[in-house]
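**Q** Read in our numbering, the sequence shown has 42 at position 62, and its numbers run on one by one without any break. In this text, a Cβ means the ideal position worked out from N, Cα and C, and glycines have one as well. The structure follows.
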Amino acid sequence: MRVVIADDAVLLREGLVRLLTERGHEVVAAVGDGDALVEAVVAHRPDVSIVDVRMPPSHTDEGLRAAVEARRLVPRAPVLVLSQYVEVSYADDLLATTGGAGGGVGYLLKDRVADIDEFLDSLARVAAGGTVLDPEVVGQLLVRRRRDDPLRELTPREREVLALMAEGHSNTAIARALVVTDGAVEKHVRNIFTKLGLPPDTAQHRRVLAVLAYLRG
């Protein structure tokens, strides 16, 4: 993969460069602020970008806003955002840039980088157009439910399946996690799409739209 890295923490940035290079990937740019990230994505059109949420000058959400801007200028540009803390609204904002049309996005806590194989697997899934959410983000969504929750019609098992979809797992991986057949997962996924009112439409990415509904529920 061709990768852009944006993080103002030099040690983490250089560590990611070394890790990815050793695993056979090409880091086409390693930058320390949001403006440089946008420029690098436009110039290099990488397979995926790794972006820290908080970067100069205010260290609030500059990285996230730069990632959103990069995806506006280069539609569907895959982006994996790293954060020190869980900020569900950030994940929501990032997923909203898909517009239902796909394009890999991910939101992980920085602690996940320590598990190298898991981190690289998540990066590959985002580069391939998938959606990956940190399990802690998914967990916090469970306490955000409102009375008008659009997911209220889902069964407990369907909610489990949707939560794993939000983490970026394929149907086969979900089947392994829940110890059920692939066919059972496919049936649950079809039911989820139906209950959320997501009709078959090749112009829409229903898995992403389902995850958006989950985030906003």
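(1) From which residue to which residue does the beta strand (DSSP E) around residue 29 run?
(2) Suppose the cutoff is 7 Å on Cβ atoms and the five residues either side in sequence are ignored; what does the same chain contact list for residue 10 look like?
(3) Please report the residue range of the alpha helix (DSSP H) in which residue 57 lies.
(4) When you compare the CB positions of residue 165 and residue 155, do they come within less than 8 Å of one another, or not?
(5) Which partner residues of residue 6 appear in the DSSP bridge assignment?
(6) Taking the alpha carbon of residue 141 as the point to measure from, which residue in 88, 42, 61 and 172 has its own alpha carbon closest?
(7) Could you work out which residue in -18, -5, 193 and 187 is closest to residue 90 when comparing CA atoms only?
(8) For residue 59 and residue 113, what's the separation of their Cα atoms in angstroms?
(9) Considering only the alpha carbon of each residue, which of 146, 102 and 97 lies closest to residue 2?
(10) If you draw a straight line from the alpha carbon of residue 41 to that of residue 12, how long is it in whole angstroms?
(11) Could you tell me which residues DSSP puts in a beta bridge with residue 86?
(12) Would residue 135 and residue 188 be called neighbours here (beta carbons separated by less than 8 Å)?
(13) Of all the options 132, 161 and 186, which has the alpha carbon lying nearest to the alpha carbon of residue 146?
(14) Please report the straight-line C-alpha distance between residue 0 and residue 28, rounded to a whole angstrom.
**A** Working from what's here:
(1) Note, residue 29: beta strand (DSSP E), 28 to 32.
(2) Counting only Cβ-Cβ distances below 7 Å, and skipping sequence neighbours, we find -15, -7 and -3.
(3) Counting along the chain, residue 57 sits inside no alpha helix (DSSP H), nor does DSSP assign it H or E at all.
(4) In this structure, residue 165 lies near residue 155, with their beta-carbon atoms less than 8 Å apart.
(5) Beta-bridge pairing by DSSP links residue 6 to -18.
(6) Nearest to residue 141 by alpha-carbon distance, out of 88, 42, 61 and 172, is 172.
(7) For the residues -18, -5, 193 and 187, the minimum Cα distance to residue 90 belongs to -5.
(8) The alpha-carbon atoms of residue 59 and residue 113 are separated by roughly 12 Å.
(9) For residue 2, the nearest C-alpha among the options comes from 97.
(10) When rounded, the distance between both Cα atoms is 14 Å.
(11) Its beta-bridge partners are 60 and 112.
(12) For residue 135 and residue 188, no; Cβs fall outside 8 Å.
(13) The candidate whose alpha carbon is nearest that of residue 146 is 186.
(14) Residue 0 and residue 28: Cα-Cα distance of roughly 12 Å.
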